[in-house]
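Visitor:
Residue numbers (the working numbering), protein chains in the order written: chain A, 1 to 167; chain B, 1001 to 1272; chain C, 2001 to 2759.
1. What is the residue span of the alpha helix (DSSP H) that residue 2548 of chain C lies within?
2. Can we count residue 1139 of chain B as close to the ligand SAM, meaning its CB is less than 7 Å from some heavy atom?
3. Given a cut-off of 8 Å on the beta-carbon distance, is the pair residue 1119 of chain B and residue 1170 of chain B in contact?
4. Under 8 Å between beta-carbons, which chain C residues line up against residue 119 of chain A? List them in chain order, please.
5. Would residue 120 of chain A and residue 82 of chain A qualify as a contact pair, given that the criterion is a beta-carbon distance under 8 Å?
6. Can you give me the start and stop residues for the alpha helix (DSSP H) that residue 2500 of chain C sits inside?
7. Among the residues of its own chain, which have a CB less than 8 Å from the CB of residue 96 of chain A, if the five just before and after it don't count?
8. Short of 7 Å in beta carbon distance, which residues of its chain neighbour residue 2629 of chain C, apart from the five on each side in sequence? Order them along the chain.
9. In chain order, what residues of the region 1172-1185 of chain B put their CB closer than 8 Å to some CB of chain A?
10. Can you find at least 3 beta carbon pairs, one from the region 2716-2724 of chain C and one from the region 2380-2398 of chain C, that sit closer than 8 Å?
11. For residue 1001 of chain B, return the contacting residues in chain A, with the cut-off set at a CB-CB distance below 7 Å.
12. Assuming residue 2118 of chain C is part of the alpha helix (DSSP H), what are its boundary residues?
13. Applying the criterion that 16 or more other CB atoms from any shown protein chain within 10 Å of the CB defines a buried residue, is residue 2530 of chain C buried or exposed?
14. Run through chain A and tell me which residues come within less than 7 Å of residue 2660 of chain C, C-beta to C-beta.
15. State the Cα-Cα distance for the pair residue 2766 of chain C and residue 45 of chain A, rounded to the nearest angstrom.
16. For a contact defined as C-beta to C-beta under 7 Å, what are the partners of residue 1051 of chain B on chain A?
17. What is the DSSP secondary structure of residue 2431 of chain C, counted as helix, strand or coil?
18. Residue 1092 of chain B lies in the alpha helix (DSSP H); which residues open and close that run?
19. Taking the beta carbon of residue 1155 of chain B as the centre, do at least 16 other beta carbons fall within 10 Å, making it buried, or is it exposed?
20. Return the residue from the list C/2287, C/2260 and C/2370 that minimises the CA-CA distance to residue 2302 of chain C.
21. Hey, is residue 2348 of chain C's beta-carbon within less than 8 Å of any beta-carbon in chain A?
22. Would you decide whether residue 1238 of chain B is buried or exposed? Buried here means 16 or more other CB atoms lie within 10 Å of its CB.
23. Give a yes or no on whether 8 Å exceeds the smallest Cβ distance from residue 1188 of chain B to chain C.
24. Are there three or more Cβ pairs, one per stretch, closer than 8 Å when the region 2086-2096 of chain C is compared with the region 2132-2143 of chain C?
25. Please decide whether residue 2670 of chain C counts as near chain A, where near means a Cβ-Cβ distance under 8 Å.
26. Please name the residue or residues paired with residue 2045 of chain C in a DSSP beta bridge.
27. Give a yes or no on whether the minimum CB-CB distance between residue 2302 of chain C and chain B is below 8 Å.
28. Step through the CB atoms of chain B and report whether any lies within less than 8 Å of the CB of residue 101 of chain A.
29. State the Cα-Cα distance for the pair residue 2156 of chain C and residue 2662 of chain C, rounded to the nearest angstrom.
30. According to the neighbour-count rule (16 or more other Cβ atoms, all chains shown, within 10 Å of its Cβ), is residue 2167 of chain C buried or exposed?
31. Flag residue 87 of chain A as yes if its beta-carbon sits less than 8 Å from any beta-carbon of chain B, otherwise no.
32. Would you be able to state if there are at least three C-beta pairs under 8 Å between the region 2179-2193 of chain C and the region 2650-2667 of chain C?
33. Since residue 68 of chain A is in the beta strand (DSSP E), which residue starts that stretch and which ends it?
34. Taking only three categories from DSSP, how would you classify residue 2347 of chain C?
35. Is the beta carbon of residue 2011 of chain C closer than 8 Å to that of residue 2507 of chain C?
36. For residue 1183 of chain B, which of B/1225, B/1042 and B/1094 has the nearest alpha-carbon?
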């Protein structure tokens, strides 16, 4: 799949996979991935919390790695495999990371939660048994104002256990 | 939040990319994590973005006593290199300091250096390591010492139609040690003062500083002070340190401490 | 509702998941900007670059020529508005009073077009002298922050109760920037200070801090029905938004309907601030309009917690009892004082203590900064920084253990606070005793160099408000609680436990729905540590009512007296003969069917607690100061808090954790700064540092339970006290570690290092 300019409109056609499904976007070059996900694809689980690429609420996985979708241009995502929070669960079963966050109170208002969960997914994909220092390092780009991060640390530890030793 | 409108093109070769840059309103984009934030605040308004992602500039190799790092290598890829790639300790230290996990997944070493931010951890380390930067233009290639690459705030020696394509880092000699220590702003994560120190076998040192000047720089005066055992603070004063919001005195102190601690860590690694 | 009733079921004290956990972790929760809306237009404000100016002209010509831009609205388009203060002036009409104040609103087909349009609006300003520093602003001859109008009403009661005070003891010439002077006095402080064995004093400066909710403010509004308007917003109060909008736009109350979306954090900052802007646009254009602030706009144009200058002097007798207090507090209220918590400062400056004699003067000052709002436990944390620092110094002068000193000064019920309000019985003694017993406290005398351990106490007196709730038995046997309160902190999960406990139903069978202002029972605000405390009581009454109706029906079905029935695990059964039973599911389905002879089961409850129930809190912090850089590393943090009754211990701890980290932010990182021209220097997360995960230690929580006499099952509202003690504990620990008393917040590395240089 190659992106192409749509003649005369200034728009670009992009082909990518989002949550396992092939998707075609026709967007302005300046469209941020987070806006394309929320507005074009109506996947509003990915949040916008800042405009300086810091808060991490917009975190998604691209080819398995965590990125801030507010700092990616949709037109550069041709051929990419994007996973948003909506794509993490398997049908009606929650992903073990989602279960862990729910059980261990890794959330209160929940606004940072999708980003936090996906950053955790990247971490556990690389390091199945992270210590606290590794967890803090992996999530330093995800701000939370409600939980004081304690429930989040507990959730990631529990998620790591669950992912390592599936029931 | 949303950049001003621009055109977008994704060349498939370096020559094509360089040709596109003939347009004075065109800017190249690599990882995008320095440029896009500025565009989102509309502080940068290129009329055309030249996407470098299609270029083959991510290779890592060893040649002529130097580690050759393609400009599109991300921080994450760099940090993932095993011990078999003989990178100076300061480079790994600095790469680990940058941003956060998501930023390190996206940000490229070439993009970061070309951006010319006066507060750039990696730049200090690259300078201290005695690196060479390879630049390409339609006229061919040229090499510039890292310490000569940065000339002002967000200003490098790169011409409009020129791209940084490779970073060459000398393989550390036996008995050498280097380290990077920085004190970061707790909000932005950028270094308020960062010092990379490389100690050679002959105990001569190279010091790269960031955060304290108009650009990342090699601090010859500090190197001399270390060699002579004289006051680091006075050596730093000769550089003309920046002061933001009246923090000059504290920033000077941070710079002194960063240099001292990087020197200490470099010594331990050299001795190891 | 008796606080001492024995618990019957497994519902209370269980660490169950939040009711909304699954929808939030799956990304399905609907926050205000997530709702799709046909024909939605997007708004972008044009903000004033000047801190003080007159608007000469607004030229929207270039903006209107852009494709996609539908309108550029100014104050003139909104017409004459009712109400007063900031809410009545969503767009500056003539005089701009802070840099960041909205002066126009661009409305367009897309966010991108709105942003493009906003850049092209040309506003001609006549700059006026600005006054930014609160200490400058009070001086006679200072530039006036506002030259005309104002007319704000302080609506502070929603943030908790405070004593009225009076204008006595005004002893200095002041400029007209001083909006309000409130004084409290009792006895003869000068004479009493003479009798004190220990006296401590200091000038404390604290910074403006932003609530820092992760979800920036957002609201959408659309015309509805016949001349009505509907609003959906990220808000802590749908009912106050409704009454504000009705008043501002001159609409009958029933023509305004407000929905509260899932709230991405509030902390006091989301009280009907931006809804007037977006409603004005929707009514002007007759179209749905959404305004979603960017983070930069949120920093520039909302209502952060104010900065204070506190001159405080306290004295204690030789037995350690606090005797005299003298205080002068300047509260920098910024340009608007509608929601200003300025009035709170006077009541808080004495902290958690009583005195014999005092004189307090509190000045609410206007400057050319954003209007101050409430930030979690308004003014309790900065005033605690002052009083708790001096309390430690008094303890040291008298050679007393700092916790012992505080224990000697726990007020008895009926003792007076410095604003005259009488203290209730609180769990402060038990909380202090709990924290004193923690092993960390014992280590304080035997630490390595540069390390220190500090303690502080604190509380937010809380508030009370009327609340109503409905408890309905559904056809599946489940119970649905209807309330009008936005669930900001997990209160829905807490009140579900109350209902389950009272009725005897399984926790999983209780749902809580927050309806809009048309559907829901009347509600107040989610804030002020009032929701669990007040709504909980209403829910308890509604649940009791429903339980009575259920038993009455069951008694007929089982032909047994209600006195011989119990409800356990969702089943009504005969005491001692459990096999004679009828399930809630059976009852629910029968009552929902055709031909039923019994009315539906629906309980109602309305309540207001008879008195306040402050939640006492304390913290011990162990830290290390790097003398070379001034950087502070937090090593251990122990928080104790009295929650009355832990309906769900995980939620209680979550409030304690979150409050502790916000207190850390107050102490070490957070500061909204302006330059001399009133330009905001810290307008994004690049410059305003809320704590990241790698900046906080493990936080240990000790939950204390001293039942509140009027709380539901004894529960107290806990949300705010959690933010109070951490910051002063850190200050006291830095003093222990480095030997320097800290007098300014935040205690950044630069300030700590400078204090060390001066020492």
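All C-beta atoms in this analysis are idealised placements derived from N, C-alpha and C, irrespective of residue type, glycine included. A quick note: this is a predicted structure, and the numbers were derived from the prediction, not measured.
Guide: Let's see:
1. Against the third chain, residue 2548 of chain C aligns to sequence position 548. Counting along the chain, the alpha helix (DSSP H) containing residue 2548 of chain C begins and ends at 2536-2558.
2. Annotation note on the ligand SAM: not contained in the displayed structure, which lists no ligands.
3. Sequence index remark: in the second chain, residue 1119 of chain B carries index 119 (1-based). Sequence index remark: in the second chain, residue 1170 of chain B carries index 170 (1-based). No. Outside cutoff.
4. Position 119 of the first chain, counted from the start, is the residue given in the question as residue 119 of chain A. Ordered by position in chain C, no residue passes the 8 Å Cβ test against residue 119 of chain A, which lies about 10 Å from the chain.
5. Translated into positions along the first chain, residue 120 of chain A becomes position 120. Translated into positions along the first chain, residue 82 of chain A becomes position 82. For residue 120 of chain A and residue 82 of chain A, no; Cβs fall outside 8 Å.
6. Counting from one through the third chain, the residue named residue 2500 of chain C turns up at place 500. Note, residue 2500 of chain C: alpha helix (DSSP H), 2491-2503.
7. On the first chain, residue 96 of chain A is found 96 positions in, with the first residue counted as 1. Contacts found: 159, 162, 163 and 166.
8. As a first step, residue 2629 of chain C must be located in the third chain, where it is residue number 629. 2749 and 2753.
9. Taking 8 Å as the upper bound on Cβ-Cβ separation, chain A lies near no residue of the region 1172-1185 of chain B.
10. yes
11. Looking up residue 1001 of chain B in the second chain gives position 1. Those are 51, listed as they occur along chain A.
12. To locate residue 2118 of chain C, count along the third chain from 1; it is residue 118. Here the alpha helix (DSSP H) through residue 2118 of chain C covers 2111-2120.
13. The count along the third chain starts at 1 and reaches residue 2530 of chain C at position 530. So residue 2530 of chain C counts as buried.
14. Mapped onto the third chain, residue 2660 of chain C falls at position 660. At a C-beta separation below 7 Å, residue 2660 of chain C has these neighbours in chain A: 148.
15. Look at the range of chain C in this structure, 2001 to 2759, and you will see that residue 2766 of chain C is not part of it.
16. Position 51 of the second chain, counted from the start, is the residue given in the question as residue 1051 of chain B. In chain order: 76.
17. For the purposes of this step, residue 2431 of chain C is taken as the residue at position 431 of the third chain. Of the three classes helix, strand and coil, the one that applies to residue 2431 of chain C here is helix, per DSSP.
18. Numbered from 1 along the second chain, position 92 holds the residue referred to as residue 1092 of chain B. Here the alpha helix (DSSP H) through residue 1092 of chain B covers 1089-1097.
19. For the purposes of this step, residue 1155 of chain B is taken as residue 155 along the second chain, with counting starting at 1. With fewer than 16 Cβ atoms within 10 Å of its Cβ, residue 1155 of chain B is classed as exposed.
20. One-based indexing of the third chain puts residue 2302 of chain C at position 302. If we check each option's Cα against that of residue 2302 of chain C, C/2370 comes out closest.
21. The residue you call residue 2348 of chain C lines up with position 348 of the third chain. With 8 Å as the cut-off, residue 2348 of chain C does not count as an interface residue toward chain A.
22. In the second chain, the residue the question calls residue 1238 of chain B occupies position 238. Burial call: exposed.
23. As a working mapping, residue 1188 of chain B is identified with position 188 in the second chain. Yes - at least one Cβ of chain C is within 8 Å of the one on residue 1188 of chain B.
24. no
25. Residue 2670 of chain C sits at position 670 when you count from the first residue of the third chain. Judged by the 8 Å Cβ criterion, residue 2670 of chain C is not in contact with chain A.
26. Walking along the third chain from the start, residue 2045 of chain C turns up at place 45. According to DSSP, residue 2045 of chain C bridges with C/2105.
27. What you label residue 2302 of chain C is simply residue 302 of the third chain in a count that begins at 1. By this cut-off, residue 2302 of chain C is not an interface position.
28. The residue labelled residue 101 of chain A in the question sits at position 101 within the first chain. It does not: the Cβ of residue 101 of chain A has no partner Cβ on chain B nearer than 8 Å.
29. Here residue 2156 of chain C corresponds to residue number 156 of the third chain, with the count starting at 1. Here residue 2662 of chain C corresponds to residue number 662 of the third chain, with the count starting at 1. Confidence is the limiting factor: at residue 2156 of chain C the pLDDT is only 47, short of 50, which leaves the residue's position unreliable, though a coordinate-based value still follows. If I take the Cα positions, the gap works out to 22 Å.
30. The residue labelled residue 2167 of chain C in the question sits at position 167 within the third chain. Caution is warranted here: a pLDDT of 49 is assigned to residue 2167 of chain C, below 50, making its placement in the model unreliable, and the coordinate value is therefore given only provisionally. When all chains shown are included, residue 2167 of chain C counts as exposed.
31. Along the first chain, read from residue 1 onward, the residue named residue 87 of chain A stands at position 87. Closer than 8 Å: no.
32. no
33. Taking the first chain and counting its residues from 1, the one referred to as residue 68 of chain A is at position 68. 65-68 is the extent of the beta strand (DSSP E) around residue 68 of chain A.
34. Counted from its first residue, the third chain places residue 2347 of chain C at position 347. Reduced to three states, the DSSP call for residue 2347 of chain C is helix.
35. Taking the first residue of the third chain as 1, we reach residue 2507 of chain C at position 507. Taking the first residue of the third chain as 1, we reach residue 2011 of chain C at position 11. Result yes, Cβ atoms of residue 2507 of chain C and residue 2011 of chain C sit closer than 8 Å.
36. Residue 1183 of chain B sits at position 183 when you count from the first residue of the second chain. Among B/1225, B/1042 and B/1094, the Cα nearest to that of residue 1183 of chain B is on B/1094.
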